[in-house]
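For the working numbering, count along the sequence shown from 1 and bump the result up by 55.
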Amino acid sequence: MARRAASSLVSRCLLARAPAGAPPAAPSAPRRTVPADGMHRLLPGVLQRFSTAAAVEEPITPSVHVNYTKLLINGNFVDSASGKTFPTLDPRTGEVIAHVAEGDAEDINRAVAAARKAFDEGPWPKMTAYERSRILLRFADLIEKHNDELAALETWDNGKPYEQAAQIEVPMVARLMRYYAGWADKIHGLIVPADGPHHVQILHEPIGVAGQIIPWNFPLLMYAWKVGPALACGNTLVLKTAEQTPLSALYISKLLHEAGLPEGVVNVVSGFGPTAGAALASHMDVDKIAFTGSTDTGKIILELAAKSNLKTVTLELGGKSPFIIMDDADVDHAVELAHFALFFNQGQCCCAGSRTFVHERVYDEFVEKAKARALKRVVGDPFRKGVEQGPQIDDEQFNKILRYIRYGVDGGATLVTGGDRLGDKGFYIQPTIFSDVQDGMKIAQEEIFGPVQSILKFKDLNEVIKRANASQYGLAAGVFTNSLDTANTLTRALRAGTVWVNCFDVFDAAIPFGGYKMSGIGREKGVDSLKNYLQVKAVVTPIKNAAWL
56 MARRAASSLV
66 SRCLLARAPA
76 GAPPAAPSAP
86 RRTVPADGMH
96 RLLPGVLQRF
106 STAAAVEEPI
116 TPSVHVNYTK
126 LLINGNFVDS
136 ASGKTFPTLD
146 PRTGEVIAHV
156 AEGDAEDINR
166 AVAAARKAFD
176 EGPWPKMTAY
186 ERSRILLRFA
196 DLIEKHNDEL
206 AALETWDNGK
216 PYEQAAQIEV
226 PMVARLMRYY
236 AGWADKIHGL
246 IVPADGPHHV
256 QILHEPIGVA
266 GQIIPWNFPL
276 LMYAWKVGPA
286 LACGNTLVLK
296 TAEQTPLSAL
306 YISKLLHEAG
316 LPEGVVNVVS
326 GFGPTAGAAL
336 ASHMDVDKIA
346 FTGSTDTGKI
356 ILELAAKSNL
366 KTVTLELGGK
376 SPFIIMDDAD
386 VDHAVELAHF
396 ALFFNQGQCC
406 CAGSRTFVHE
416 RVYDEFVEKA
426 KARALKRVVG
436 DPFRKGVEQG
446 PQIDDEQFNK
456 ILRYIRYGVD
466 GGATLVTGGD
476 RLGDKGFYIQ
486 PTIFSDVQDG
496 MKIAQEEIFG
506 PVQSILKFKD
516 LNEVIKRANA
526 SQYGLAAGVF
536 TNSLDTANTL
546 TRALRAGTVW
556 VNCFDVFDAA
566 IPFGGYKMSG
576 IGREKGVDSL
586 KNYLQVKAVV
596 TPIKNAAWL
């Protein structure tokens, strides 16, 4: 994603590098030397090279109202059966945005019953594929119409930069819905020959009621990745939102019904994993479960599905993606791309390039330039123009990231920059870089899910292939080289579901996404995602006096 020009206020307050055409930044104050371990607090009055916006500026008030906080069941917004609610928080401050209905097993039962009735008796699966396509196209139009409101809710509830949500993510949601609208009337079966006088049809049928559980890091995009193919194939569904980010899914689902979706086809339950999530995964009347989240939770989902009705499962799980920079690389370009691969979305990406492997010939130069780029990263209120990094999602993730930073220091890695919180409220963390990282360190093995870049050194191609593949994960990888031969060798050798060559985080609606090993089961997006929501049925009929076979 292209970086946006900063405003003069951002340039002055955040001491950011000003892109071409932006007003020049004010001269920075002298930088105090800090302890090597980075577990420091700067003295009052000493400016940091990172943004000070999080600490000294009042949060911008979002220009959107929270109108939908109840559960969406059978086309209506309703209270939870228990009457309970839970707070959803603003990551900028930790303050309550709204109280949202807290669904549990009884609400999942109600939602599944509505989805089952809509599938067995309702018009959706019996509707022509063309009409389903038209509803999804109208939905995409409404998403574009309400782009700014959706983006504001996403930023307010999640902490991601508003420019990222408004200019990249919400338009991508509309694009995904148009992509799946295009598929709706192109799903078809086959007529296959048999060794004998039989007419054989292969039918592709909707699977039935789908349960879907989405994460908090990209709530709207993950909504589109799951809801789009399920609806295109004629299914009904119950979707559980992440408890940290329930607001945007409720809003966008209201737009889906405005587009003409029949009641009961899409049901949305806000709640927690051990209650609502577990009830959905183990429900005997759910035919399929799709989950995006951590590998540990994915294992629980798989177990619950197996112990209930052996429903089919799609899992998009964790990652520890290698980003490999060869010695023929343009170092400046490689630094910028590696920076984006790791720090995008506050580092809260399952496919983040969190193991940066750099060839020994360019390693020292790369580390110094990576440090300089991190120090210029604009961190602050995500509603402010030009901000690149907002707060982490909540205090749990915030504290987890700081623990991993301590692991890195205690484990012997060199803290190049960052290493602490930013400001005294909200969940902001300094962009952090470690060098001299070894494969056995926790920060090189485990998913941190935050703005922490680990830079490792390698000598040759065979070595880096072996080390890059020595992970329990296999979600994605990045390769940066000017050699076509090197690129071809790496793309075939790396055990990952996606390999980006001289780019990163390119997500097109038609490109399948999913992982090897413990990064998941199945693929999302593209034609492969339709297979998750279809049953294959063979119909065999005898033929008498056939003119041909």
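Note that CB positions come from ideal geometry on N, CA and C, so glycine has one too.
No experiment lies behind these values; they were computed from the predicted model shown.
Status (buried if at least 16 other CB within 10 Å, exposed otherwise) for residue 258: Taking the sequence shown and counting its residues from 1, one reaches residue 258 at position 203. Classification of residue 258: exposed, given that the 10 Å Cβ count is below 16.
Inside the segment 353 to 431 only - beta strand (DSSP E) runs reaching at least 3 residues: 367 to 371, 377 to 380, 410 to 414
Residue 220, buried or exposed, once every other Cβ within 10 Å from all chains shown has been counted against 16: The count along the sequence shown starts at 1 and reaches residue 220 at position 165. Classification for residue 220: buried.
Three or more C-beta pairs below 8 Å linking the segment 468 to 487 and the segment 130 to 148: yes
Distance between beta carbons of residue 508 and residue 397, contact taken as under 8 Å: In the sequence shown, the residue the question calls residue 397 occupies position 342. In the sequence shown, the residue the question calls residue 508 occupies position 453. That belief holds up - the Cβ atoms of residue 397 and residue 508 are roughly 5 Å apart, short of 8 Å.
Counterpart residues of residue 260 in DSSP-defined beta bridges: The residue labelled residue 260 in the question sits at position 205 within the sequence shown. Residue 260 is bridged to 590.
As assigned by DSSP and simplified to three states, the class of residue 225: Translated into positions along the sequence shown, residue 225 becomes position 170. Residue 225 sits in a helix when the DSSP states are folded into three classes.
DSSP three-state assignment for residue 281, whether helix, strand or coil: In the sequence shown, counting from the first residue as 1, residue 281 sits at position 226. DSSP places residue 281 in helix when its eight states are reduced to three.
Contact check, residue 448 vs residue 296, beta carbons under 9 Å: Along the sequence shown, read from residue 1 onward, the residue named residue 448 stands at position 393. Along the sequence shown, read from residue 1 onward, the residue named residue 296 stands at position 241. Judged by beta-carbon spacing, residue 296 lies beyond the 9 Å limit of residue 448, meaning their Cβ atoms are not closer than that value.
The ligand ADP heavy atom lying under 8 Å from the CB of residue 124: The ligand ADP is not among the ligands present in this structure, which contains no ligands whatsoever.
Contact under 9 Å by Cβ, residue 256 with residue 551: Translated into the one-based positions of the sequence shown, residue 256 becomes position 201. Translated into the one-based positions of the sequence shown, residue 551 becomes position 496. For residue 256 and residue 551, no; Cβs fall outside 9 Å.
Rounded C-alpha distance that separates residue 159 from residue 474: Here the question's residue 159 lines up with position 104 in the sequence shown. Here the question's residue 474 lines up with position 419 in the sequence shown. Going by the C-alpha atoms only, they are around 39 Å apart.
CB of residue 511 within 9 Å of CB of residue 532, strictly: Here residue 511 corresponds to residue number 456 of the sequence shown, with the count starting at 1. Here residue 532 corresponds to residue number 477 of the sequence shown, with the count starting at 1. It is not a contact, given that the beta carbons lie outside the stated cut-off.
Pair within 9 Å by beta-carbon distance, residue 347 and residue 406: Sequence index remark: in the sequence shown, residue 347 carries index 292 (1-based). Sequence index remark: in the sequence shown, residue 406 carries index 351 (1-based). It is not a contact, given that the beta carbons lie outside the stated cut-off.
C-beta atoms of residue 575 and residue 369 nearer than 9 Å: In the sequence shown, residue 575 corresponds to position 520, counting from 1. In the sequence shown, residue 369 corresponds to position 314, counting from 1. Yes, these two residues count as a Cβ contact at 9 Å.
Residues sharing a beta bridge with residue 254, DSSP: Working through the sequence shown from its first residue, we reach residue 254 at position 199. Answer is 596.
Status (buried if at least 16 other CB within 10 Å, exposed otherwise) for residue 543: Position 488 of the sequence shown, counting from 1, holds the residue named residue 543. So residue 543 ends up on the exposed side.
Span of the beta strand (DSSP E) around residue 555: On the sequence shown, position 500 is the one that residue 555 refers to. 553 to 556 is the span of the beta strand (DSSP E), which, as asked, contains residue 555.
Alpha helix (DSSP H) segment containing residue 204, residue limits: For the purposes of this step, residue 204 is identified with residue 149 of the sequence shown, where counting begins at 1. Counting along the chain, the alpha helix (DSSP H) containing residue 204 begins and ends at 202 to 213.
From 587, 245, 418, residue whose alpha carbon lies closest to that of residue 284: On the sequence shown, residue 284 is found 229 positions in, with the first residue counted as 1. The residue with the shortest Cα to Cα distance from residue 284 is 587.
Option in 119, 538, 232, 487 with minimal Cα separation from residue 645: It is not possible to answer for residue 645, since the shown part of the chain is limited to 56 through 604.
8 Å CB neighbourhood of residue 387 in its chain, flanking five on each side removed: Locating residue 387 in the sequence shown gives position 332, where the first residue counts as 1. Closer than 8 Å at the Cβ level, and outside the excluded window around residue 387, lie 424.
Outcome for residue 131 when other beta-carbon atoms lying within 10 angstroms are tallied against a minimum of 16: Mapped onto the sequence shown, residue 131 falls at position 76. Counting Cβ neighbours within 10 Å, residue 131 comes out exposed, since fewer than 16 surround it.
Beta-ladder partner(s) of residue 535, from DSSP: Counting from 1 along the sequence shown, the entry for residue 535 is found at position 480. Residue 535 pairs with 380.
Bounding residues of the beta strand (DSSP E) (the contiguous stretch that carries residue 141): The count along the sequence shown starts at 1 and reaches residue 141 at position 86. Per DSSP, residue 141 is one residue of the beta strand (DSSP E) stretching across 140 to 145.
C-beta contact flag for residue 140 and residue 155 at 9 Å: To locate residue 140, count along the sequence shown from 1; it is residue 85. To locate residue 155, count along the sequence shown from 1; it is residue 100. Yes, these two residues count as a Cβ contact at 9 Å.
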